[in-house]
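Student: Here it is, the structure, as structure tokens.
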Amino acid sequence: MFTGIVQGTAPIIEVTERANFRTHVMKLTPELLVGLETGASVAHNGCCLTVTKIEGEKVSFDLIKETLRLTNLGELKEGDVVNIERAAKYGDEIGGHVVSGHIVTTAEISKIFTSEDNHQIWLSIYDKSLMKYILHKGFVAIDGISLTVGDVINNRFCVHLIPETLARTTLGKKRLGDKVNIEIDPQTQAIVDTVERVLHQKEQDKLLQQEQTQELSAQQE
Numbered sequence: 001m002f003t004g005i006v007q008g009t010a011p012i013i014e015v016t017e018r019a020n021f022r023t024h025v026m027k028l029t030p031e032l033l034v035g036l037e038t039g040a041s042v043a044h045n046g047c048c049l050t051v052t053k054i055e056g057e058k059v060s061f062d063l064i065k066e067t068l069r070l071t072n073l074g075e076l077k078e079g080d081v082v083n084i085e086r087a088a089k090y091g092d093e094i095g096g097h098v099v100s101g102h103i104v105t106t107a108e109i110s111k112i113f114t115s116e117d118n119h120q121i122w123l124s125i126y127d128k129s130l131m132k133y134i135l136h137k138g139f140v141a142i143d144g145i146s147l148t149v150g151d152v153i154n155n156r157f158c159v160h161l162i163p164e165t166l167a168r169t170t171l172g173k174k175r176l177g178d179k180v181n182i183e184i185d186p187q188t189q190a191i192v193d194t195v196e197r198v199l200h201q202k203e204q205d206k207l208l209q210q211e212q213t214q215e216l217s218a219q220q221e
């Protein structure tokens with residue numbers, strides 16, 4: 001589990017490519033290395049990865065086919081920087097919202113508006129079916145950053161970034177057309193899916209009742 005509060009950034013210093021498989025070697029800061037062990041979970045741009053090797057400040061992570069398919073990590077190269085968050089521990093402050101580290105889709109940055117102390121980014125989600133979970137003032141994790149959804153128009157939505165977020169994460173360096181990882185809020189998804197199931201069941205019950213009424217009328221005739 002994660003909180004969506006990025007603790008720092010780290011560069012990729014080595015990439016090993018195999019068929020539908022990658023290994024990233026990251027250079028982590030001393031703060032991010034404290035207590036880190038092989039097998040631990042670390043979020044990279046919001047995607048939960050497992051530590052496979054630790055050699056001083058160099059830490060290795062494996063990326064499998066599904067990770068490469070669903071996230072932007074497979075497009076990164078040596079020298080690129082990613083957002084890092086260590087897994088939350090029991091009792092930690094949840095400054096953002098509960099994040100699983102399971103990326104569901106990616107989105108393209110379609111517009112960027114900047115002014116003094118304000119930075120607005122508009123995003124277009126690749127999997128349009130997921131837009132029903134993106135609600136005004138709801139939560140969304142973008143490259144592992146817990147953010148509040150601003151306006152929602154058709155298949156696009158925006159977020160507003162404060163200077164601290166721009167300084168602490170990679171979002172301030174993003175450009176038009178860049179791809180970011182998206183994790184929807186699991187509570188929002190649960191509520192939307194539950195409402196859809198209830199409404200569907202009511203519609204099915206209504207149709208069944210109509211069929212029964214028609215059959216009864218036919219028998220009486």
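Under UniProt numbering, the first residue of the sequence shown carries the number 1, and numbering increases by one thereafter. Note that CB positions come from ideal geometry on N, CA and C, so glycine has one too.
Would you mind working out which of Leu32, Arg22, Thr23 sits nearest Ala10, comparing C-alpha positions?
Tutor: Of the listed residues, the one whose Cα sits closest to Ala10 is Leu32.
Student: Can you give me the start and stop residues for the alpha helix (DSSP H) that Arg69 sits inside?
Tutor: From DSSP, the alpha helix (DSSP H) with Arg69 extends over 65-70.
Student: Work out the CA separation of His160 and Ser146 for me, nearest whole Å.
Tutor: 11 Å
Student: If we ignore side chains and look at the alpha-carbon of each, how far apart do Met26 and Ala87 end up?
Tutor: 17 Å
Student: Note down the Cα distance separating Ile94 from Glu55, rounded to an integer number of angstroms.
Tutor: If I take the Cα positions, the gap works out to 30 Å.
Student: Just the Cα atoms here: how many angstroms apart are Ile184 and Ala141?
Tutor: 6 Å
Student: Return the first residue and the last residue of the beta strand (DSSP E) that Glu108 is part of.
Tutor: 105-115
Student: Would the beta-carbon of Thr29 fall within 8 Å of that of Asn83?
Tutor: no
Student: At what residue ranges does the UniProt domain "Lumazine-binding" (98-195) contain a whole run of the alpha helix (DSSP H), taking only runs of 4 or more?
Tutor: With a minimum length of 4 residues, the continuous alpha helix (DSSP H) runs that stay inside the UniProt domain "Lumazine-binding" (98-195) are 163-168.
Student: Rounded to whole angstroms, what is the Cα-Cα separation between Val149 and Asp205?
Tutor: 35 Å
Student: Given Gln189, which residues of its chain have a CB within under 6 Å of its CB, disregarding the five upstream and five downstream residues?
Tutor: Tyr133
Student: Sorted by chain position, which residues of the same chain lie with C-beta nearer than 7 Å to Lys137's C-beta, five sequence neighbours on each side aside?
Tutor: Thr148, Val149
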